[in-house]
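If you're matching positions, the sequence shown starts at 13 in our numbering and goes up one per residue. Virtual Cβ for every residue (Gly too), placed ideally from N, Cα, C.
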Amino acid sequence: MRRLPCLAVMFAALLAPQQAAAFMLVPDEAGHGRYVVVIETASGDHVPLDLLPPGFRQLGGPAWAGEGLTFRWRYFRSPEQGRAVVVFDEDDRAVMEFAFSGDELADGDTIAAAAALVDGEGRAITTIYASARVKGRHFENGETASTLHAPIGIAPDGWDEVAGFTFFTMKYYAIQNLDEAGVAVAMRRAVHRVTAGTGTEEWARPRD
């Protein structure tokens with residue numbers, strides 16, 4: 013496999029009041045035309061579509077049919093990491109996949125993330141939530157990785173309204189003693205500055 017040049021571009025753009033973009037875009041070593049968006053901040057980041065490579069600046073179409081663009085992040089002062097990808101089918105309907113992994117998982121912790129698809133004013137159109145609880149030294153599926161999926165509830169003729177993604181990353185420790193409902197409440201609070209009660213929501217689940 014040919015190793016791609018060590019190329020990284022940092023974007024910093026003030027898009028709307030109190031909404032900044034500061035992420036890293038790097039070529040994926042898996043192949044030409046594939047990219048990784050590295051979420052840089054400790055708790056989340058905004059990724060405008062118009063700062064992505066050509067082909068990815070509007071949702072839908074051939075570029076989004078595979079895993080040509082993935083989002084990845086690490087958790088603040090914690091060994092876990094996360095990944096998300098949006099995949100469109102031939103009818104321009106989309107699914108978002110989240111994957112969490114870690115070699116040093118702690119019993120009772122919950123690893124979580126959310127992605128809000130926002131309009132040009134930064135308002136949430138729909139928000140996708142995902143969380144995975146640790147049981148013992150593994151996620152509840154018995155593995156050190158957990159993959160979750162959710163349909164994105166936007167009609168094929170509505171993708172033009174989406175101007176970007178706002179990502180949030182969360183970790184809830186066992187000492188906080190949050191059950192599934194408590195985690196959901198905490199996650200909604202974490203994203204409230206973007207959602208403010210607007211838009212729809214979906215919760216990612218393991219694939220059947």
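| Item | Value |
| --- | --- |
| Val146: first and last residue of the uninterrupted alpha helix (DSSP H) it sits in | No alpha helix (DSSP H) contains Val146, which is instead part of the beta strand (DSSP E) from 136-147. |
| Assigned exposure category for Pro168 - 16 Cβ within 10 Å defines buried | exposed |
| Segments of 3+ residues assigned as beta strand (DSSP E) that fall wholly inside the stretch 155-181 | 157-163 |
| Option nearest Ala162 by Cα separation, candidates Asp131, Glu192, Ala118, Thr139 | Thr139 |
| Limits of the alpha helix (DSSP H) - the one that Gly94 falls within | Per DSSP, Gly94 belongs to no alpha helix (DSSP H); it is in the beta strand (DSSP E), 93-100. |
| Contact set for Arg14: own chain, Cβ-Cβ below 7 Å, skip 5 residues either direction | Note that Arg14 scores 33 on pLDDT, short of 50, meaning its location in the model is unreliable; the coordinates nonetheless yield the value given after this. Closer than 7 Å at Cβ, skipping near neighbours: no residue. |
| Stretch pair the stretch 79-86 + the stretch 141-153: three plus CB contacts closer than 8 Å | no |
| Sequence-distant residues of its chain with Cβ nearer than 7 Å to Val203 (five each side left out) | Ala126, Ala128, Thr139, Phe180 |
| Contacts around Ile137, its chain only, beta-carbon distance under 7 Å, and the 5 residues preceding and following it disregarded | Leu129, Val130, Asp131, Ile166, Glu173, Val174, Gly211 |
| Proximity winner among Val195, Glu213, Pro65, relative to Gly45 (alpha-carbon distances) | Pro65 |
| Cα-Cα separation between Glu116 and Ala157, rounded to whole angstroms | 11 Å |
| Pairwise C-alpha distance: Asp191 and Val197 | 10 Å |
| Integer-rounded CB distance, given that Gly56 should sit under 8 Å from Thr178 | 7 Å |
| Given Arg95 as reference, the closest of Asp104, Asp101, Met108 once Cα atoms are compared | Met108 |
| For Asn189 and Val99, the rounded distance between their alpha carbons | 35 Å |
| Whether Ala124 touches Met199 by CB criterion (7 Å) | yes |
| DSSP state of Ala128 mapped onto helix, strand, coil | strand |
| Coarse secondary structure for Ala118, derived from DSSP in three states | coil |
| First and last residue of the uninterrupted alpha helix (DSSP H) at Gly67 | Taken as a continuous stretch (DSSP letters only), Gly67 belongs to no alpha helix (DSSP H), as it is neither H nor E. |
| Member of Asp104, Asp62, Tyr47 whose CA lies at the smallest distance from the CA of Pro74 | Asp104 |
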